[in-house]
Every structure is written in structure tokens, then in C-alpha cells.
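Encoded as C-alpha cells, the structure appears first; notes follow it.
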Amino acid sequence: MFKCYGCTEAEILKLVKKHPRMLSLNLEKNLIPKLEFFRSKGMSGADIAEIVCVIPLLLGRSLENHITPNFELLADLLQSNDKAITVVKRNPRMLFHDCEKYLKPYINILQDNGVPEPHIVSLIYSWPRFVNVHLNHFRNSVEMVREMGFSASERAFTLAVLISSQLNKSGWERKVGIYKSWGFSEEEILAAFRKEPWFMMTSENKIMEVMDYLVNKLDCNPSFIAKNPTLVLRSLKKTIRPRAEVVQYLLSKQLIEKKPSLVSLFVLSEKLFLEKFVYRFLEAPQLLKLYKEKLNISK
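Going left to right, the sequence shown walks through residues 0 to 298 as numbering that gives the first Met the number 0 numbers them.
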């Protein structure tokens with residue numbers, strides 16, 4: 000029966016393994032109407048299998064009183080069935096729980112704090128799992144972000160709320176402690192977070208590794224890093240170390256007169272980096288070999 004809705008045999012076996020009681024559900028009264036509804040909204044067999052495999056008990060929910068109202072609420076918010084499907088795939092709980100109780104309270108908090116509707120819709124679409132955090136913790140995160148000086152009318156506000164809500168108090172304090180151990184002041188940490196909220200989502204190990212390389216290997220001043228927090232987001236193995244080695248080679252051979260800005264060096268796309276620091280030199284084959292060697296060593 001599932002094959003009629005585009006599910007592959009492997010997907011069907013996975014479904015049955017996850018929810019064997021599904022085989023006892025009434026086809027005509029229970030399964031088929033729900034599968035028909037999913038297909039009518041534009042879901043593929045793969046979409047259906049993906050969603051139901053995450054929350055197989057969804058098939059036991061009432062179509063009329065639960066699944067349909069939830070999907071219609073999402074589609075109305077997002078103004079698109081396709082976007083609603085994407086949200087459900089990213090967070091199947093959006094169909095499983097009552098969205099009036101599961102989603103609306105979070106929307107209300109954002110609205111009460113002056114967040115524009117387009118920003119709320121963007122948050123729901125891009126990061127629908129934000130509602131999985133406790134409501135009180137989410138409310139506290141909104142208050143904290145406001146106290147930090149973020150404006151609710153700016154897109155950075157919802158991003159800052161998202162990130163701060165993903166960290167508990169101890170996690171936040173540990174990361175603040177790590178940055179302070181590298182010479183950041185409290186004010187610099189908050190300023191860096193306002194400038195680049197993802198700065199606080201970087202893992203503790205990565206913060207230590209990147210800071211160690213930037214400060215101890217490249218003689219980078221911590222205050223400079225605080226003013227350019229995107230540096231901490233770069234991959235040490237895939238970006239920072241290989242590119243730094245190439246630039247060091249160029250300096251040692253006096254092929255360039257001074258060090259380039261670390262921000263431009265590490266933020267450049269791969270294509271632009273190769274054009275600017277590899278291909279334009281006669282030593283390009285050697286540079287490219289060095290660069291690839293450093294990339295391979297880092298893997």
C-alpha cells in the first residue's frame with residue numbers, strides 16, 4: 000500500500016521496523032486518508048517516509064482534529080505548502096503536537112517583544128526546532144538578548160535569541176570563561192556576540208584550537224579577534240592552517256611584501272583565495288602542492 004504513495008521497499012521496511020503496530024492500523028479509516036492528505040499537499044513518498052520514521056506515532060493522530068489543523072496553520076504562516084513541508088521535515092513534531100500549544104506560545108513571546116512577523120516566519124522556516132527548548136528558557140533568552148542591546152526590529156535579534164536559547168546558563172558561562180582566558184573582556188565578548196551571534200555557538204574545543212593557532216602561531220591580538228569574531232567560525236583544518244602556510248611561504252620567498260589581513264585571508268572563497276595567493280605566481284605549482292598537502296594533512 001505504501002508503494003502506491005511512492006515509498007520504496009527500503010523505506011517501508013524502515014517504517015515497519017520503527018513502528019510495527021502500524022501493520023494493525025485500519026487501512027481505509029486510518030492510514031489511507033492520512034497518506035492521501037500528505038500526498039495532496041505535495042509530499043513525496045520519501046518525504047512521508049522521512050517524517051513518519053522520525054515520529055511513527057504520528058499515524059495514530061487524528062487527521063481531522065490534529066494533523067490537518069497543524070499543517071494548515073503552518074502553511075498559513077509560511078504562505079506555502081512547500082515551505083510547510085520543509086518545516087515538518089526539519090521538525091516532525093510540528094505535526095505531532097498541537098501547534099496552538101506547541102508553536103503559538105513562542106510566536107506570542109516574539110510578537111510581544113516587537114519582532115516583525117517576517118522575521119518570526121523566517122525563524123520558523125529556517126530553524127523550526129527552536130520550539131524544542133523550554134518555553135521559560137526561551138522567554139529568558141529573549142529578555143537577555145534585549146538587555147544586550149539587540150533591536151527586536153533587526154534580523155540579528157531572532158538569530159541571537161535562537162543561539163542563546165540553545166545554550167544553558169552553564170554552557171554560556173563556560174564559553175565566556177574560555178574567551179576571557181584568552182584576554183577578552185566581558186564587553187568585548189558581548190560586542191562580538193552582537194556582531195556575530197554564531198560566535199557563541201562554536202564548540203569549546205574549537206574555540207581553544209582556533210584561538211591557540213591565531214594567537215600563538217600567527218601572533219594575532221585577542222582584541223583584533225574580538226572585533227572580527229567571524230575568525231573563530233573558520234575551520235582550522237580546512238581554512239586557517241592551509242592558507243596561513245601558503246602565505247608564510249610567499250613571505251619567506253619575498254613574493255609578497257606584507258601579511259594580508261587575516262579577515263580577508265580566511266573569509267575569501269576558495270576560488271578567490273587560489274586566484275589571489277596561488278595561481279598568479281610563477282611558483283603556482285609548488286604553492287598548489289603545498290596547499291593541497293596541508294589540506295590532506297588536516298583531514
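Beta carbons are placed, not taken as given, at the ideal position from N, Cα and C, and that holds for glycine. Every value quoted in this text rests on a predicted model; they were computed, and no experiment measured them.
- Excluding the 5 residues flanking it on each side, Leu166 has same chain C-beta neighbours closer than 8 Å at Lys174, Met199 and Met200, in chain order.
- Within the same chain, and ignoring the five residues on either side of Thr238 in sequence, the residues whose Cβ sits closer than 8 Å to its Cβ are Phe265.
- With fewer than three CB-CB distances shorter than 8 Å, the segment 201-209 does not count as touching the segment 137-151.
- Annotated as distal: Val87 and Ile119, with beta-carbon spacing of 8 Å or more.
- When DSSP states are grouped into helix, strand and coil, Ala151 belongs to the coil group.
- The alpha-carbon separation between Cys98 and Val132 amounts to approximately 15 Å.
- The C-alpha of Phe70 lies about 42 Å from the C-alpha of Asn227.
- DSSP places Tyr124 in the uninterrupted alpha helix (DSSP H) bounded by Glu116 to Ser125.
- For Ser234, the closest of Leu249, Glu63 and Leu267 by C-alpha to C-alpha distance is Leu267.
- Taking a 10 Å sphere around the C-beta of Asp111, we find fewer than 16 other C-beta atoms and assign the residue as exposed.
- Scanning its chain for C-beta atoms nearer than 6 Å, with the 5 sequence neighbours on each side dropped, one finds around Tyr178 the residues Ile188, in chain order.
- In the three-state reduction of the DSSP assignment, Glu282 falls in the coil class, being assigned neither a helical nor a strand state.
- Counting of Cβ neighbours within 10 angstroms places Glu195 among the buried residues, the total reaching 16 or more.
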